[in-house]
Amino acid sequence: MATEYRLLSYRDQGGVARAGILVEDRVLPATPLLEGATGIDSSSVMGLLQSWNEVHPRLAAAVAKAKPTDGRSLNEVALLAPVLYPGAVFCAGANYWDHMKEMNERQKRMTGKELPPPTKAKNPWFFIKTGAHSIIGPGADARMPPQSEKLDWEAEIGVVIGRPARNIPLDRALEVVAGYTCVNDLSARDLGTQQDRAGTAMFMDWLGQKCFDDAAPMGPWITPAAFVPDPNDMAVKLWVNGVLKQDSNSKNMIHGIAEQIAALSRQLTLRPGDVIATGTPAGVGAGRGENGEFLKPGDEVKVEVQYVGTLVNRMVAAS
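What follows is the structure in structure tokens.
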């Protein structure tokens, strides 16, 4: 049985961001494990992903020989977001049946009108978050957008691309996945429309709602796809201050991970290091009660994805 490992970014003792390999509770620098390999940039996780087809088997062979005392203890290492930084973070909207149902119920409470039951559209749809602006790593404080009073949580499975993909067939789509991570798609619900444009066709504001400083906590690391038995059966959970808010599974996705990859690759070329946040299940703040339930400074949010791990961040007021 192959020795499992995780791929991460960490800050070395000199303060420099490095690519690391987690084996049990030890963090090993990636570069020595790839000694002798040519044409591989081992200085960063993004560099490793550019040559993932060669990197993964080399790392798997190297970690099998690692000693229990190699590297440093995980609790001594300052972790960063695993990919610094994706070219794009593609976020699937309205992609869990249970989430669609709760948001329909919310709309009914707000308008008094019954909506038709959710149905599966032909294709998934996406919005984009920026990399260096939005992504923060595990343990980092997430600055709340000061113009929002309704900041919401959204636990998601992040898919990390490891091979270029253009027009990839559905039955081969998972071949381009390097691995999986946790994402919290923070959403400013009250910034989703521009009120002075209300009544016009151009009033939606996806940038305002979804893309701001620290809008995409990510981590704590990447679990290579080889160590995830079935991406269509991964538990997804989220807690706020220790209270369970979301508890679902990727089998409740409307458009599965392979469908999302195939659809995006028909529109553009997916590149190594790109991340797809695959949608959130039921249990978001906006779906709770008459007026919803939202984050406040000091709140601790924990996201857990099966086979990956837990991502914890604290909300703070922006200075």
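For what it's worth, my numbering labels the leading residue of the sequence shown as -13, then goes sequentially.
We put the CB at the ideal spot given by N, CA and C, even for glycine.
- The Cβ atoms of isoleucine 243 and serine 236 sit closer than 9 Å to each other.
- As for any beta strand (DSSP E) of minimum length 3 sitting wholly inside the segment 213 to 293, the runs are 221 to 226, 229 to 235, 261 to 263, 286 to 291, ordered along the chain.
- Rounded to whole angstroms, the separation of the alpha carbons of alanine 23 and valine 302 is 43 Å.
- Leucine 65 is positioned such that its CB atom lies closer than 9 Å to that of glycine 205.
- In the three-state reduction of the DSSP assignment, proline 43 falls in the helix class, which pools H, G and I.
- The segment 12 to 61 contains, as complete alpha helix (DSSP H) runs of 4+ residues, the segments 16 to 19, 31 to 36, 38 to 49 (chain order).
- Excluding five sequence positions before and after tryptophan 38, the CB atoms of its chain that fall closer than 7 Å to its own CB belong to Gly148, Arg149, Ala164, Pro258, given in chain order.
- By the criterion of a C-beta distance shorter than 8 Å, alanine 268 is surrounded in its chain by Tyr82, Asp84, His85, Lys87, Glu88, Gln232, Ser234, once the five residues flanking it on both sides are discounted.
- Cβ-Cβ separation between glycine 73 and aspartate 260: approximately 6 Å, consistent with a contact (criterion under 8 Å).
- Distance from the CA of glycine 123 to the CA of tyrosine -4, rounded to the nearest whole angstrom, comes to 10 Å.
- If you draw a straight line from the Cα of serine 28 to the Cα of proline 68, it is about 14 Å long.
- At a Cβ-Cβ threshold of 9 Å, alanine 211 and alanine -12 do not count as neighbours.
- Among the bridge pairs identified by DSSP, valine 163 is matched with Ile147.
- Inclusion of valine 169 and tyrosine 293 in the CB contact set at 9 Å is not warranted, their separation being larger than that value.
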